Structures are given as structure tokens and as C-alpha cells.
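Right, one structure below, let's go through it.
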Amino acid sequence: MKRLLLTLLLLLLPASNAFAALDPALVRQLAAEESDDKIAAIRQLGASASADAAKVLKAMADDELLVADEAVFIFDGEQAVDAATGAVIDPVPETYESITVNNRLRSELANALAALKLYDPDRAVRLAAATELQSNAGIGMAPILAAAMAKETDAGIQALLKQAHALANLENPDAAARLAAVELLADSASPATRGLLLPLLDEANEPDAAVREAAAQAVDAIEARLAFGEILGQIFSGLSLSSILLLAALGLAITYGVMGVINMAHGELLMIGAYATFFTQTLFRAYFPDYIDWYVLAAIPAAFLAAALVGMLLERTVIRRLYGRPLETLLATWGLSLILIQAARMLFGAQNVEVANPVWMSGGVEIMAGLVLPWNRIVIIGFTLFVLALVWVLMQKTRLGLFVRAITQNRPMAGCVGVPTGRVDTMAFGLGAGIAGLGGVALSQIANVGPDMGQGYIVDSFLVVVLGGVGQLAGAVWAALGLGVVTKFLEGWSGAVIAKIVVLVIVIVFIQKRPQGLFALKGRFVDN
1 MKRLLLTLLL LLLPASNAFA ALDPALVRQL AAEESDDKIA AIRQLGASAS ADAAKVLKAM
61 ADDELLVADE AVFIFDGEQA VDAATGAVID PVPETYESIT VNNRLRSELA NALAALKLYD
121 PDRAVRLAAA TELQSNAGIG MAPILAAAMA KETDAGIQAL LKQAHALANL ENPDAAARLA
181 AVELLADSAS PATRGLLLPL LDEANEPDAA VREAAAQAVD AIEARLAFGE ILGQIFSGLS
241 LSSILLLAAL GLAITYGVMG VINMAHGELL MIGAYATFFT QTLFRAYFPD YIDWYVLAAI
301 PAAFLAAALV GMLLERTVIR RLYGRPLETL LATWGLSLIL IQAARMLFGA QNVEVANPVW
361 MSGGVEIMAG LVLPWNRIVI IGFTLFVLAL VWVLMQKTRL GLFVRAITQN RPMAGCVGVP
421 TGRVDTMAFG LGAGIAGLGG VALSQIANVG PDMGQGYIVD SFLVVVLGGV GQLAGAVWAA
481 LGLGVVTKFL EGWSGAVIAK IVVLVIVIVF IQKRPQGLFA LKGRFVDN
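So for the sequence shown, the working numbering puts the first residue at 1; every next one is plus one.
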């Protein structure tokens, strides 16, 4: 009995690797002179749902399908195999010709290979094949797609196949089939689908009036969805920009509100946070390569501490001696910004450094066709909300926050009742600088990290603080949100430079009408 089973197993093993015979005439047709004959053969092989047909078509696409007299064979450089039967050809023919494959044939081969993948047991392979067929499915693919739809059980893949089938039927000679295809494609939100429907608006391309009218309605519907998707994309980009502006402005709102210091070096504190992120990434690559995808989490406290320590050092050594002298403070902090920029150039070089996104922050979420929300920006928005919540708790529920609010409203009275204003100034400046460092962590994930990176955010940060109201977190949030979204919409309409000018004019006009900003401080000293 064992010997019989072993014999059967040995007989089955070669059978499992055998090359199932294809129609020799159909395979020879791949070497025909006319491209139309080759395309007909490719489509028939693609409709066969055969793994062996896929081998032949792939060999043809890779220029490994050759012809010698009447024999068509696959030659990989070492072994020649008959394309129809799978039999090994030995010796290899001395003279043979390659089968000419032009761009039209390559497109057909790509479609046929994708169609064969529609029967793969792996869902991911079928999904990739159905997605590939969305942009280039001719009428010859319609029967193949119909057969694949009948066998497909996954709802998502089946929806893609229905759309590809409709695209293929746009070339159907039957006007009713074309009309049904256009009506189905009206639910699409793809620019490629819109491009395929546009020629149907011309009577020269589409003789049937009903199809032309349906195509016009479908194009209008797709354009409306594309416009809606573009608006959503601009809003998301605006929210992403708002997050960076808010992280940059939160610390500035605290220091400017407490000490009245116009800190022109605040942008360089963002730069310190970004370089701290780069340094943390370098350490992880050198000593913890298995955990490199988590370096951002370690960079958060590192960036906060690095920026906070630099901020407290600046406050203790320079800024403290210039309180009440705004012009001198402005000039001094501008000089400090130049020193910090030059220090970064000396330590890290003048060129930008690479800060890579972790794997879990790569890619994005496709909301609709043409609208992908990147994970790194989604994470930054969530991180900004988290930091904002921590700052609110710190300012409203802690002793330091109470002292900061007291000094912001009435410094002399706060000092009279025992608030250590000097120490609070240092702590507040360190807190504001640390929050700017957190902004640098976020900025490093979406922008280049270089010595001058903070210069582009200092003016916008001051605009957020002034527009929102000095010392007001709620005002900073709403101002950052408004400036970010408005800027992105204006950039799409008029370009980045004009958008900056228009935003600046809007802020100036608003401040003229409401000097205290969106939210005014409440206090006896301020009201007087």
C-alpha cells in the first residue's frame, strides 16, 4: 500500500508542474504579421483564466517569446520551452526571431495580464488588477470583465469591475450599452473618467443624442464632485498649515502676553526642535535600528527640552535686561536669531538634512478619487490638538498657569501680592520655547529641515498672536485656523505671494477695527 501511494505521489509531482497545453494555432497567432491578429490572440488568451496563458503573455511582454519557423517558444537565456505545450526544446534553435511588440500591443498585454490576475485567490492581487483596469479597458475587455464580475464575491472589487466594464462599453457599437455605461459612470469622481466621457459630447464621436445628453450630465456631475474634493483638499491643507502655525504661535502668545517681548528668534526655536528630531533619528539609526519607526516619540521630549533650555538661557542672559524697551528687545532677539542660525550651520552644515517619516506616518487615506489625506499631516493635526489640550490644562489648572495669567493681566499687582515675576518670566519663556520646539518636530515631518527654516514662520506667528488677542489661547486657535485655511484658498486662487499680501492686508484692516484682537483680555489694568 505504501509503495502504491509513493508511486502515485511521484506521478502527481511532475503533473503539478506541467505546462497545460494551449491551442497551438492561437499561440502561433501571437507571431502574426498584423497587430490586429496579435491583439485578437492576446484577448483570447486573457479570457482563458489560465496560468499558462499568463506565462506566455508575460514572456511576450518581456520580449522572451520567440519564433523559429513554425515553433513559438519561450527562451529565458538558458532554457527554451514550447509556448503551446510546455515541452523543453533541446537543442535551442540556432536561428530565431523575436516577436515585435509595439506600444499598442503592450497596452493590450498589460490589460490581459491584469485580467488574468482577476482570478487570483489573493484579494490584494485582484484589487490591484481591478484598479489597474480603471484607466485602460477597451471593448475587447468587456467579456473578460463580465466573467470576472460574475465570479467576484468582494463588494469593493466588484464595484471597481463594474466601473471598468462600463468604461469598456463606451466603445460598444450598441447605443443602449453605451447609454447604460455612461449612466453608471456618472457616479464616478475620477478625472480619468471625466476625460473619457468628454469626447462623447461631440456629435462626431457619438452619433446618439441620448448618449450625448447623458454624457453631458455625467461630466457635470463628475466635475461637481471634483470641485467638492478640491475644496475638501484645500480645507485639509489649511488645517495642516493651521496646526503648524498654532504650535509656532502658542509659545509666542505666552511669552508676548507675559513679558511683552517681541521675540524675533522664536522661529529659530522651531528650528532647534526640528534639529533635535534629526539628532534623535540619527541616534536611533545608530543604536536602535529595530525601533527606528518610533524615533518621533522619543524626539518629542528631546525637542521640548532642547528648545526650552535654549529659551530660558536667552531669557536669563539677554532678554531679561531689556524688559520695557521693545525696540532694543526686537533688535537683540533678531541678532540672537542670526547667532542661532549660524550655530546650526556650524553644527549640521548649511544644507538641509533628511528627516524621514516613520512607516506608520507614510502613505495616506483615500477619501475619494483624487483626494488622499497624508498620514503625516493627519498625525500632526492630532498632535497639535493634544499639545493644545496640555497647554490649556497647564494654564487653567496649575499654579504656574495662575501666575502667568495674573502677570499677563496686571504685572505690578501680581508682584505686589507675592507672585515671583522674575522666576515666572523664565518658566514662561521656557514653556513658550518648548512648545515652539514641538512645532519643529511636527514641521520636520512635512518640510525641509535647515538653518533658515524658522524664518518663514515668525511673521505668520506674530499675525496669529496679534489677530487672536495677546495672551489668549482661544484667540490663537481661531486666528491660526482662519489664517491657515484662508491662506490655502488664496494660494489656489492667486498664488503664494499674492496670498501672503492679501492675508496681511486683511489682518491690518481687522486690527484697525478691533485693536484688541478676536478675544480681549479682562482685567482692571487692561480696561483702564
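Don't be surprised by glycine CBs; every beta carbon is placed ideally from N, CA and C. The model shown is predicted, which means the values in this text are computed figures rather than measured ones.
For A68, the enclosing beta strand (DSSP E) stretches over residues L65 to A68. Shown here, P143 sits in a helix according to DSSP, grouped into three states. Pairing A71 with E230, the inter-Cα distance amounts to about 55 Å. Assignment of D202 by DSSP, reduced to helix, strand and coil, places it in the coil class. In this model, L246 and A286 are separated by some 33 Å (Cα to Cα). For I506 and L373, the gap between their C-alpha atoms comes out near 29 Å. In chain order, I42, L45, G46, L109, A112, L113 and L116 place their CB closer than 8 Å to the CB of L57, counting only its own chain and leaving out the 5 sequence neighbours on each side.
The bridge partners DSSP lists for A80 are F75 and I89. Every unbroken stretch of the alpha helix (DSSP H) spanning 4 or more residues and falling wholly within the stretch 180–257 is given here in chain order: 191–197. Taking a C-beta distance under 8 Å as the contact criterion, Y256 and V503 do not qualify as a contact pair. Within the model, the alpha-carbon separation for A474 versus R212 is close to 54 Å. Apart from the 5 residues on each side of it in sequence, I262 sits with its Cβ closer than 8 Å to the Cβ of Y256, P326, T329, L330, T333 and F462 in its chain, given in chain order. Relative to the Cα of A186, the nearest Cα in the group L239, P207, K151 and R225 belongs to R225. In the displayed model, G469 falls within coil according to three-state DSSP, outside both helix and strand. In this structure, DSSP gives S98 an extended state, which the three-state scheme calls strand. A265 is a Cβ neighbour of L340, given a cutoff of 8 Å. Annotation: the continuous alpha helix (DSSP H) that includes E328 extends over P326 to F348. Counting C-beta pairs closer than 8 Å gives three or more between the stretch 122–134 and the stretch 151–169, which meets the contact rule. Per DSSP, E366 is one residue of the beta strand (DSSP E) stretching across G364 to M368. For L314, the three-state secondary structure derived from DSSP is helix. In the three-state reduction of the DSSP assignment, L133 falls in the coil class, being assigned neither a helical nor a strand state. DSSP places L371 inside the beta strand (DSSP E), whose first and last residues are L371 to P374. When the five nearest sequence neighbours on each side are left out, the beta carbons in the same chain lying within less than 8 Å of the beta carbon of A61 are those of V101, R106, L109, A110 and L113, in order along the chain. With respect to the C-alpha of E78, the residue from T85, A84 and E64 having the closest C-alpha is E64. In terms of Cβ geometry, G437 and L269 form a close pair [threshold 8 Å].
For K513, the closest C-alpha among the options L467, V486 and G482 is that of L467. For T426, the closest C-alpha among the options F403, N410, L443 and S242 is that of F403.
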